[in-house]
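The sequence shown begins at -14 in my numbering and counts up one residue at a time.
The C-beta atom is built at its ideal place from N, Cα and C for all residues, glycine as well.
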Amino acid sequence: MELLKEVKFIAVHHSQRSIDSLKRIKNLHIKINGWEDIGYHYLIDKKGRLQKGRSKKFIGAHVFGHNKNSLGICLIGNFDKEKPTKKQIQTLIKFLKDKIKKHKIPIKNILGHREFWDATNILDNITTSQSSSREFLGVTKTCPGKFMDMDEIRKVLRHF
Ligand SMILES: [Zn+2]
C-alpha cells in the first residue's frame, strides 16, 4: 500500500447499514472489493467508540480523487434513514478537532464524502466519459447520509 504523505482533507462517511461493524466492513473490503485492507482509517460505532481501521501510515480507499491526501472516517449507520447518535457526533467532533490541530487542516476541508465533488473540482481532472456518472465511480450520492449535517459539524468546529 502507498504511504500517506500529507493530510489536507478529512472525508466523513457512513456505512450505509444500520447494523454494521468494523469486522464486517473489513471483510467486505477485503473479500468482496479485493482490497488489501479496510478502506477507512477510522470508524465510530453507535456507542461513540473510535476504532482504528487501516493504518494512517497508508493511503485509504474511500474517496475518489483524494485518497492520496485525506484521512477517511466512517460512522456506523445509515444516515439516510436514521440520525447519528449523540455519542457518535461527540466522538467525531473530538476526533476532527485533534486532527485539524495535528495536520493544520482548514475547517473548510472537513467534508462529507458527497461534498468532495463540488468542493474540490475532482471532475476537472477526469475525462468526460468517466464523469458521466458519479455512481460509475463508486460514489454514493448521499454519503454520509441526509441526516448528517456537515455544515453544522463545521460550525461547531469553528466555535472551538
Ligand atoms: Zn462515503
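- Relative to ligand 1, H47 has its C-beta within less than 7 Å of a heavy atom.
- For F(-6), the enclosing beta strand (DSSP E) starts and ends at -6 to -1.
- Look at the beta carbons and you see the segment 48 to 55 touching the segment -13 to -2: at least three pairs across the two are nearer than 8 Å.
- Under DSSP, K37 takes part in a beta bridge, and its partners are Y27.
- The Cβ atoms of H51 and R39 do not sit closer than 8 Å to each other.
- Nearest in C-alpha terms to H98, of all of L60, K66, K68, N12, is L60.
- One Cα belongs to S6, the other to K37, and the distance between them is close to 12 Å.
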